[in-house]
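Shown next, in structure tokens, is the structure this report addresses.
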Amino acid sequence: MNVRPAIDSTTYPAALSVSFNQDSSCFSVGMDTGFSNLNAGIHHVQMLGKTNFIALIGNGKSSRFPKNKVGLLSDQSDIRKVCISKSYICLISLNTVEVHKFQRFPELWHSFETSDNPLGLCCLGNQLVAFPGRTPGQIQLVELTSGNVSIIPAHGSALRALEMSKDSRILASASQTGTLIRIFATHNCARITELRRGVDNAIIFSLAFSPSNKLLAATSDKATIHIFDIPKLSNSFSTGPSNPPEVNSTNITSDGKETNNSRKWGVLGRVPLLPRVFSDIYSFASAHFEIGDDQLHMPSNVDSGLKVPKGILGWIDDEVLIVLSAGLDSRWEKFLIVQNGDGTRHCVRKGWKKYLNAG
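Taking the numbering used here, the leading residue of the sequence shown gets 81, the next gets one more, and so forth.
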């Protein structure tokens, strides 16, 4: 009797990209085998709300769509990402962001030069679009109605993550170092606050504001989600860009109690001359998410230079957030922000599911 187990040669689909729509109520997936019933490799897919508009970018190796074309538009250079709203389409390549007016025959509105942007960082709102500046570490903020451009000197090294709130009022960024997250007001480009993820360098995967703009979530290659309070703005928020707004860094829980649990080192944070890591604002809660190790085991027909996204964040409401990861181990994880009787808050995993049908 042959007792050796049969070799399973079945290949399961791999998610090459995963992204939420504008309100995180849906997400779309590009696979090595195609999108939905489309038999073509898709490197990136982006969905507009709950409409039937979906932008597709090919994986460039064995795909019906090459890397220099989008299902809505085509371009001369490899397209890293596409952002869509009801009025505009942004095509992001390594050193250029093209803004097209979204109409039956899309029209190029403006083209902007950027520093190297291999991740295709871009945030598109109803009235603003943000993307890397010409100098690494800077952010360009463009008013879509007037075309006015503001430059934010956000970091000393190249940007790794960029996120704008749904109402476009605030903007968060992180650099390749991955230790600090900075938040800016978009109306005057002033820095509102600075949040510390940790002391060790890390690769930031995703940033996301909660619907009320009171919380910010961040994921990294440490396989950890960090949840931060965004300090309450004082009345000086209306001051000009030369006077950054003051913030109240004391946390206020939903029952009105004040806490300082984001000051990790307590009283040491108020001792003068100590390193700033003792006084920085840290996350009030963190949790582990599954990052997987399937980056080294992608199918052979996938572009070898492609890095599948992990830890993509989307808030359902101020107490529920979803984490998506692509690759062969493509999964959906749900986390809750819960509050104890003493007012402390924690982030706990409620459940998870693999969203691609294996077999």
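Just so it is clear, CB atoms sit at the ideal spot from N, CA and C, and this is done for glycine as well.
Hey, could you find the ends of the beta strand (DSSP E) residue 233 is sitting in?
-> Its beta strand (DSSP E) spans residues 229-233.
Per DSSP, what kind of secondary structure is residue 184 in: helix, strand or coil?
-> In the structure shown, residue 184 falls within a coil segment according to DSSP collapsed to helix, strand and coil.
Grab me the residues of residue 284's own chain with a C-beta within less than 8 Å of its C-beta, minus the 5 sequence neighbours each way, in chain order.
-> Beyond the five residues adjoining it in sequence on each side, residue 284 comes within less than 8 Å, by CB distance, of 240, 241, 254, 258, 261, 277, 298, 299 and 300 in the same chain, given in chain order.
Anticipated Cβ contact below 8 Å, residue 162 with residue 209, distance rounded = Wrong, their Cβ atoms sit about 13 Å apart, outside the cutoff.
Beta-carbon separation (whole angstroms), residue 304 vs residue 405, contact threshold 8 Å | Their Cβ separation, rounded to whole angstroms, is 13 Å, which puts residue 304 and residue 405 out of contact at 8 Å.
Under 9 Å, do residue 225 and residue 244 count as touching if we go by C-beta distance?
-> Taking 9 Å as the Cβ cut-off, residue 225 and residue 244 do not qualify as a contacting pair.
According to DSSP, is residue 349 helix, strand or coil?
-> A caution first: residue 349 carries a pLDDT of 49, below 50, which makes its placement in the model unreliable, though a value can still be read off. Helix at residue 349.
Taking the alpha-carbon positions, what's the residue 426 to residue 364 distance?
-> Cα to Cα, residue 426 sits roughly 8 Å from residue 364.
Residue 424 to residue 171, Cα distance in whole Å?
-> In a straight line, the C-alpha of residue 424 is about 43 Å away from that of residue 171.
If we call anything under 9 Å between Cβ atoms a contact, is residue 216 one with residue 230?
-> Their beta carbons are not under 9 Å apart, which means residue 216 does not touch residue 230 by this criterion.
Contact under 9 Å by Cβ, residue 251 with residue 221 = Their beta carbons are under 9 Å apart, which means residue 251 touches residue 221 by this criterion.
Three-state class that DSSP yields for residue 202 in the structure shown | Correct three-state label for residue 202: coil.
Among the residues of its own chain, which have a CB less than 7 Å from the CB of residue 396, if the five just before and after it don't count?
-> The answer, listed in chain order, is 104 and 402.
Rounded separation between residue 194 and residue 177 - CA only | Distance between the alpha carbons of residue 194 and residue 177: 7 Å.
Pull up the distance between the alpha-carbon of residue 246 and that of residue 422, whole angstroms please.
-> Our two residues, residue 246 and residue 422, have alpha carbons roughly 31 Å apart in a direct line.
Kindly indicate the opening and closing residues of the beta strand (DSSP E) around residue 94.
-> Per DSSP, residue 94 lies in no beta strand (DSSP E) and is assigned neither H nor E.
Using DSSP with H/G/I as helix, E/B as strand and the rest coil, what is residue 397?
-> It is a strand residue.
Within 9 Å, strictly: CB atoms of residue 394 and residue 192 = Not closer than 9 Å, so no.
Beta-carbon proximity list for residue 376, same chain, < 6 Å, skipping 5 on both sides | Low confidence applies to residue 376: its pLDDT is 43, below 50, so where it sits in the model is not reliable, and the reading given next is rough at best. Within the same chain, residue 376 has no close Cβ partners at all.
Nearest-angstrom Cα distance between residue 227 and residue 190?
-> Taking the straight line joining both Cα atoms gives about 8 Å.
Taking just the CA atoms, how far does residue 388 sit from residue 206?
-> Looking at the backbone, the Cα of residue 206 and that of residue 388 are separated by about 28 Å.
Taking just the CA atoms, how far does residue 218 sit from residue 407?
-> Here the C-alpha atom of residue 407 lies approximately 31 Å from the C-alpha atom of residue 218.
Close Cβ partners of residue 433 (< 6 Å) along its chain, the five nearest in sequence each way excluded = Here the set comprises 412.
Using 10 angstroms around the beta-carbon of residue 185, count the other beta-carbons present and answer buried if the total reaches 16, otherwise exposed.
-> Classification of residue 185: exposed, given that the 10 Å Cβ count is below 16.
Please determine, among 391, 362, 274 and 269, the residue with the shortest C-alpha to C-alpha distance to residue 368.
-> Here the closest residue by C-alpha is 391.
Give the straight-line distance between the Cα atoms of residue 400 and residue 188, rounded to the nearest whole angstrom.
-> Whole-angstrom Cα-Cα distance: 38 Å.
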